[in-house]
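Here the structure is laid out as structure tokens; the discussion comes afterwards.
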Amino acid sequence: MAGLTTTCNACRSALFLWAVVLAVSTLPLVAVGGLVTSTSSGMADPDWHFTPFKLLTAAGWAEMGSNVALMIEHSHRQIGYLVGMLAIGLAVGCLCCQAGSKRWLGLIVLLAVSAQGALGAFRIKLHAWFGPEFALIHGITGQLVFVLIVAAALWLSSGWARRETIEEVRASKVRRLALLAFLMAVVQLVSGATLRHLGGDLLLAVHLFFAVAVAVHVMLVWGFTLNQASGLLRWPAALALMVLGLQVLLGFGAWWAGGGYPAQEARDLTQARIALTTSHQTLGAVLLATLAVVWLRSRHHLPTAAGQSANSTQIAGVSP
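Under our numbering, the first residue of the sequence shown is numbered 917, with each subsequent residue one higher.
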């Protein structure tokens, strides 16, 4: 029995590491997807069908060596192919090693990754009718799928299973602030994606407004968790604050380089504009995922109002 338990624990640890590898592999997919948008490479190859890992072959390099846009687009597709294979492995692993609702966690991730791939295909196949719309949706859902994968890795971690309780007298306020910070970051994601695809002063103003809202809530969450003894919330909240600071700098840099307004000509797509807008978009995904971790951990590890009342009653010497 002890040997079986050890085997199961080793399987769960391996599954958690697999989920981490999947999350780490998905971030370059988001980054290269942003690069596709920044360089307007979305329709460099109008044919959806392609040979997996074509860029790893001599024929692929010969075909794409003189076409940077084609190389960027195929890089995005092939990283997506790798992420899809890893998602299949996670789904099989969860079905074999997990119990209860966690058995279906990998399948949910696989369905989300597959749906994201289908959106990419629709963006190409239906470009003449709904291409720009699908491209916008594809950009938004790509970051949400990344957040889902990060959340799956969190749910499969040993720390989540132990469910350590964080003593915090303002638990309900911290949970509420963490949720608001995450939701505002989601709205900021939508406004940023819309700005990247359409541009204009009004969308830029909306994006700046929600940037300020996200910044205020991230600083509040960090302030409330700063003196907590446990690092379960303190460290991700501090990471969110650091990412936020860098994100603000990249945002100003992207605006300075012309981001937020459609490129009138190919020469408007300078290297500075491409690098800054893509980095800003990618770091936004990191911030969104970090805030999701803060919110999920606040729900999981902070005591509820009922739990706090019970603890207070016990401290007072009265039986609950």
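Glycine included, every Cβ here is placed at the ideal spot set by N, Cα and C.
Within 8 Å, strictly: CB atoms of residue i and residue j
i	j	result
V1130	A1153	no
L1192	G1175	yes
L943	A1127	no
A930	V1066	no
A960	L998	no
L1006	L1035	no
G1058	V946	yes
A1069	V936	yes
A1109	L1207	no
V1090	E1083	no
R1039	H1054	yes
R928	C1013	yes
C-alpha distance - residue i paired with residue j, whole-angstrom precision
i	j	result
A1028	A978	34 Å
M1158	L1002	30 Å
G1147	W1071	17 Å
M980	A974	10 Å
G1033	G1000	9 Å
I1056	I1190	19 Å
L1064	K970	28 Å
H990	D1117	33 Å
Q994	A1015	32 Å
G949	W1076	31 Å
V1061	G1115	24 Å
L1155	G996	27 Å
F1140	M1100	18 Å
A1051	S941	21 Å
A1031	H992	16 Å
L1160	L1011	37 Å
L972	A1037	22 Å
V1102	S982	38 Å
V1008	W1151	32 Å
Where residue i falls, given that 16 or more other Cβ within 10 Å makes a residue buried
i	result
H1217	buried
Q1187	exposed
S957	buried
A1205	buried
L1042	exposed
S1107	buried
L1203	buried
W1045	exposed
L951	buried
R1086	exposed
L1212	buried
S901	Here the chain has residues from 917 to 1236 only, and residue 901 is not among them.
Assumed close pair residue i, residue j - CB separation to whole angstroms, cut-off 8 Å
i	j	result
L1166	H1196	4 Å
L1105	H1123	No, L1105 and H1123 are not in contact; Cβ-Cβ is about 10 Å, not under 8 Å.
L1199	Q1163	5 Å
T953	I988	With 8 Å as the limit, T953 and I988 do not qualify as a contact, their Cβ atoms being about 10 Å apart.
L1149	V1210	6 Å
F932	S1073	6 Å
P890	T1081	Because residue 890 is not part of the residues shown, which for the chain are 917 to 1236, the question remains open.
Problem - 4 or more residues per run - each alpha helix (DSSP H) lying fully within the stretch 1112-1151 - result: Those alpha helix (DSSP H) runs which fall completely within the stretch 1112-1151 and span 4+ residues are 1117-1141.
Problem - Length at least 4, wholly inside the stretch 938-1022: the alpha helix (DSSP H) runs in chain order - result: Here the runs fully enclosed are 974-980, 984-1013.
Exercise for the section: Within the stretch 1050-1085, note down every full alpha helix (DSSP H) run reaching 4 residues or more, in order along the chain. Expected result: With a minimum length of 4 residues, the continuous alpha helix (DSSP H) runs that stay inside the stretch 1050-1085 are 1074-1078.
Practice task
Just list the alpha helix (DSSP H) runs in the stretch 1157-1187, keeping only unbroken ones of 4 residues or longer that don't cross its boundaries, in chain order.
Solution key: Fully enclosed alpha helix (DSSP H) runs of 4 or longer: not present.
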